[in-house]
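Remarks on the structure that follows.
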Amino acid sequence: MAKILVIEDEPDVRNNLVELLESEDFDVASSENGLMGALWAQQYLPDLIICDVMMPEIDGYEVLAALREEATTATIPFVFLTAMADKANVRQGMELGADDYLTKPFTREELLGAVTTRLAKQQAIAQQYQAEYKRAEALKQRVQELQQYIETKDEVLQQLQQNLSSTVPKLNIAINILKNIAPGAQRDRCLAIIQTACAEEISMLSQLPYSKIFTEELSELLRQCQITNEET
């Protein structure tokens, strides 16, 4: 249920507005002057404000200016209600950030039309914001996954480098020896060295979490970020 705040100093007009809006199932609050209206708006945080222009304490323009300066009320749709319909007054309100004008006397259809239009526009903006927020959160998550992948990749490469630096010389020595000896016990020992070294490499590689690193989602992310084979 949308919340609407009515700021109007004339009791009959204020009560009429409240009754019309409540008959349409809106949650309605009201204030009898601009000062109290501005304070109440910051507590009530309505979805829409309907405000008279000429009021005691502070007028509608001052109410709007004050609310636009507060982060919690800066984006609330604001509809002026006035008997002054000249272009100068309309322009002044629009320059301050008003969303619409209703001229007294107004009909039920005019009131509800202005209210539903502004609420629908605000809802569309809110939905767009939510969609952008979800996209931003998804991108943040994907970036974190990429950072984790990069960190894991560096650890894997370092581990491989350290292991190969000790294993490759052993394999080279064994292979060179094999080239120069006939089949027998010594050759069998060399083959055993090679087999052991290979088994160590295979064992290490089998323990690496490749299934967690190269997921389908991460692969797509890498393609989007244009990670090349040279970088990996």
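The UniProt record's numbering applies: residue 1 is where the sequence shown begins, and numbers increase by one.
The C-beta atom is built at its ideal place from N, Cα and C for all residues, glycine as well.
(1) Pairs of beta-carbons, one from the region 19-32 and one from the region 40-54, closer than 8 Å: are there three or more?
(2) Three-state secondary structure (DSSP) at V18?
(3) Short of 6 Å in beta carbon distance, which residues of its chain neighbour A66, apart from the five on each side in sequence? Order them along the chain.
(4) To the nearest angstrom, how far is it from the Cα of S23 to the Cα of G93?
(5) Could you pull out every residue in the same chain whose Cβ sits closer than 8 Å to the Cβ of S211, ignoring the five residues on either side in sequence?
(6) According to DSSP, is S9 part of a helix, a strand, or is it coil?
(7) Pick helix, strand or coil for A2, following the three-state DSSP scheme.
(8) Going by alpha carbons, who is nearest to V3 out of F78, E57 and A71?
(9) Leaving out five residues on either side along the sequence, give the residues of the same chain with a beta carbon under 8 Å from the beta carbon of Y61.
(10) Could you give the DSSP three-state label for S211: helix, strand or coil?
(11) Which partner residues does T103 have in the DSSP bridge list?
(12) According to the Cβ coordinates, are residue 237 and P11 closer than 9 Å?
(13) For L48, list the residues DSSP reports as bridge partners.
(14) Under three-state DSSP, which class holds D188?
(15) How about L102 and T82: do their beta carbons lie closer than 9 Å?
Looking at the atomic coordinates:
(1) With the rule of 3 Cβ pairs closer than 8 Å, the region 19-32 counts as touching the region 40-54.
(2) helix
(3) Short of 6 Å from the beta carbon of A66, and not among the five residues preceding or following it, lie these beta carbons of its own chain, in chain order: A38.
(4) 28 Å
(5) With a pLDDT of 46 at S211, under the threshold of 50, the modelled position of this residue cannot be trusted; read the value that follows with caution. No residues qualify anywhere along the chain.
(6) It should be noted that the sequence gives Asp, not Ser, for residue 9. If DSSP states are grouped into helix, strand and coil, D9 belongs with coil.
(7) Looking at A2 - three-state DSSP - the assignment turns out to be coil, as it is neither helix nor strand.
(8) Reading off the sequence, residue 3 comes out as Lys, not Val. Measuring from the Cα of K3, the nearest candidate turns out to be F78.
(9) V53, Q92, G93 and L96
(10) Residue confidence is low: S211 scores 46 on pLDDT, short of 50, so the model does not pin down where it sits. Its coordinate-derived value is still stated next. In this structure, S211 counts as helix in the three-state DSSP scheme.
(11) Looking at the DSSP assignment, T103 forms a beta bridge with T82.
(12) With the chain represented from 1 up to 232, any question about residue 237 goes unanswered, as that position is not in the structure.
(13) I4
(14) helix
(15) yes
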